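Below is one structure; the comments refer to it alone.
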Amino acid sequence: MKASDTDQQLVQRAQRGDLRAFDLLVLKYQGRIAALVSRYVFDPGEVEDVTQEAFIKAYRALDKFRGDSAFYTWLYRIAANAAKNHLVARSRRPGADATVEDAEGYDEAGALAEGSSPEALAMGDELAAVLQQALDNLPDELRAALMLRELEGLSYDDIADVLGCPVGTVRSRIFRAREAVDQRVREQMSGESGFR
Amino acid sequence: MTSTDKDTEALSALMDGEAQELELRRALDAIDRAPALRSRWQRQHRVSAAIKGQRFADPSVDVSRGVREALEAKSRVNRNPVWSMAVAASVTLAVVMGGQQLMLQDTHIQPLVAVNELSGAVVPVSGAQPVQASLGVRSLPVENRQVMPTPSSSANIAAVYERLARDRYMRLNGRHATVAAQSHPAPYISYVRIPEPQPEE
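Those sequence lines, one after another, are chains A and B.
So the first sequence is numbered by the working numbering: it starts at 1 and just counts up by one.
So the second sequence is numbered by the working numbering: it starts at 1001 and just counts up by one.
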């Protein structure tokens, strides 16, 4: 199984009308979609509006999603179109947003750096530092399991082969590693929005 | 391991695409009971992205509540009995109008009434040859029967049906338009096709 299977499972439930499943997809992807939208739209309030609109459109079109591409790729197209439509509508009014051509010409890393507020950039740096510390403090067997999963993208079966332990143990180690990291992150960043 | 730990572990497995259907249901139910798990899901995805070296433009963006409220509102509208009635009325109207059209197309065929020359009734069946209901009597060939046009004014009946259908259509159409205007949450936005930027993955 891959991480995209998670999306497929949640999409199938959402297609049957389970809003809780779609809510998990929103929570998972809203940051990345907001980052995409911010390539086109500079005003933070409008970024939220367009991001929200993109997810609502995606839910309404969910019946048409057949799983031929990854859910995120499909969602990405919807969000990009929503942002472009917003720009087209915006061009009829005075404003300082990027043109479609400007946004298309941006490289993502540059756009992210330019679009991010200093606070967001600082928070990213702080999170990275806290994470490094939390990972360093993990017992070796927990850190190995988590890294093989997060960085190498291995399945639990493959991790079990690599580490020479049962799949259930892998699952438990990854869970415990995440718990430890999560606790550390919450302690260190409890004052930051999005980390409470 | 406590029940909460099991729920959290199921959520962790779900993150990795390693949860079975039963665990998925368990995780969704658990999130309903404990909203803290919802925050945990979001936080752990951010941590996961950070481990991979990805960075979001602004981690404080949270549209999940707005999305959910909008979708729940839409769902309520769909469950509204007035909406259901409007849809049912539209379907009924379509059936009535369709039937009406078929009747009007058939008016050039004169309904036949066969007058039986022998004992037994002859039942006119639209679109079929007359059927003789007789007891022990050989049925007559159709050509031998005396056939005359229906005395009833089918054209008048058709006109009355059409007027009734039109009246009903006008009445329901107004109601349908009102309900549709109230329930459609987003205005029409024209679609533009522009070359796609490349996705991140």
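Every residue, glycine too, gets a C-beta built ideally from N, C-alpha and C.
It should be emphasised that the depicted structure is a prediction, and the values quoted were computed from it without experimental measurement.
- Listed in chain order, the positions of the region 1043-1056 of chain B with a beta carbon within less than 9 Å of a beta carbon of chain A are R1043, Q1044, H1045, R1046, V1047, S1048, A1049, A1050, I1051, K1052, G1053, Q1054, R1055 and F1056.
- Taking the C-beta atoms as reference points, A/Y156 is found no nearer than 8 Å to B/E1069.
- Any Cβ of chain A closer than 8 Å to the Cβ of B/M1015 would place that residue at the interface, and such an atom is present.
- From the listed residues A/Y76, A/L127 and A/L62, the smallest Cα separation to B/Q1044 is found for A/L127.
- Where B/Y1161 is concerned, the enclosing alpha helix (DSSP H) starts and stops at S1154 to S1183.
- A/S190 sits in coil when the DSSP states are folded into three classes, being neither helix nor strand.
- Chain order gives the chain A residues near B/T1008 as F175 and E179, where near means a beta carbon separation below 8 Å.
- In this structure, B/V1061 lies near A/T51, with their beta-carbon atoms less than 8 Å apart.
- Under the 10 Å beta carbon count, A/A79 is surrounded by 16 or more other beta carbons and is classified as buried.
- Between the region 1019-1032 of chain B and the region 159-173 of chain A, the count of C-beta pairs closer than 8 Å stays below three; the two stretches do not touch.
- Along the region 22-51 of chain A, going in chain order, the ones with a CB nearer than 9 Å to a CB of chain B are F22, D23, L24, V26, L27, K28, Y29, Q30, G31, R32, I33, A34, A35, L36, V37, S38, R39, P44, V47, E48, D49 and T51.
- At a cut-off of 8 Å, the C-beta of B/A1180 has no neighbouring C-beta in chain A.
- Interface annotation, A/R143: not in contact with chain B, CB-CB separation never under 8 Å.
- Note on geometry: alpha-carbon atoms of B/S1064 and B/Q1100 lie some 49 Å from one another.
- With contacts defined as CB atoms closer than 8 Å, A/R178 and A/E141 fail to qualify as a contacting pair.
- Residue nearest to A/V47 within the set A/A21, A/N85, A/L10 and A/M147 is A/N85 (criterion: CA-CA distance).
- At a cut-off of 8 Å between beta carbons, B/G1098 makes no contact with chain A.
- Contact with chain A is absent for B/G1174, since none of that chain's Cβ atoms lies less than 8 Å from the residue's Cβ.
- Residue state for A/F71 is assigned as helix, using DSSP reduced to three classes.
- Shortest Cα-Cα distance from B/D1016 to any of A/T169, A/V185 and A/L146 involves A/L146.
- For the C-beta of A/A128, the chain B residues within less than 7 Å are, from N- to C-terminus, A1050.
- Residue-level contact check: A/R66 does not touch chain B, since none of the beta carbons of chain B fall below 8 Å from its beta carbon.
- Proximity of chain A to B/S1012 at the Cβ level (cut-off 7 Å) is accounted for by I174, F175 and R178, in chain order.
- Shown here, A/E152 sits in coil according to DSSP, grouped into three states, outside any helix or strand.
- With respect to the 8 Å criterion, A/Y40 and A/L87 are classified as neighbours on the basis of their beta carbons.
- For A/L19, the closest alpha carbon among the candidates B/S1075, B/A1165, B/A1155 and B/A1010 is that of B/S1075.
- Below the 7 Å Cβ cutoff, chain B contributes D1016 as neighbours of A/R149, in chain order.
- Rounded to the nearest angstrom, the Cβ distance from A/V130 to A/V167 is 30 Å, too far for a contact under 8 Å.
- Scanning A/L27, A/A82 and A/A21 for the CA closest to the CA of A/S38 turns up A/A82.
- Counting every other CB atom within 10 Å of its CB across the protein chains shown gives B/T1008 a total of 16 or more, marking it as buried.
- Within chain A, the C-beta atoms nearer than 7 Å to that of B/S1064 come from D23, V26, L27 and Q30, in chain order.
- Counting along the chain, A/L27 sits inside the alpha helix (DSSP H) bounded by residues L19 to V37.
- The beta-carbon separation of A/A70 and A/L138, rounded to 30 Å, does not stay under the 8 Å limit for a contact.
- Around A/F55, the beta-carbon contacts reaching into chain B at under 7 Å are V1063 and V1067.
- In this structure, the beta-carbon distance from B/A1165 to B/M1097 falls below 8 Å.
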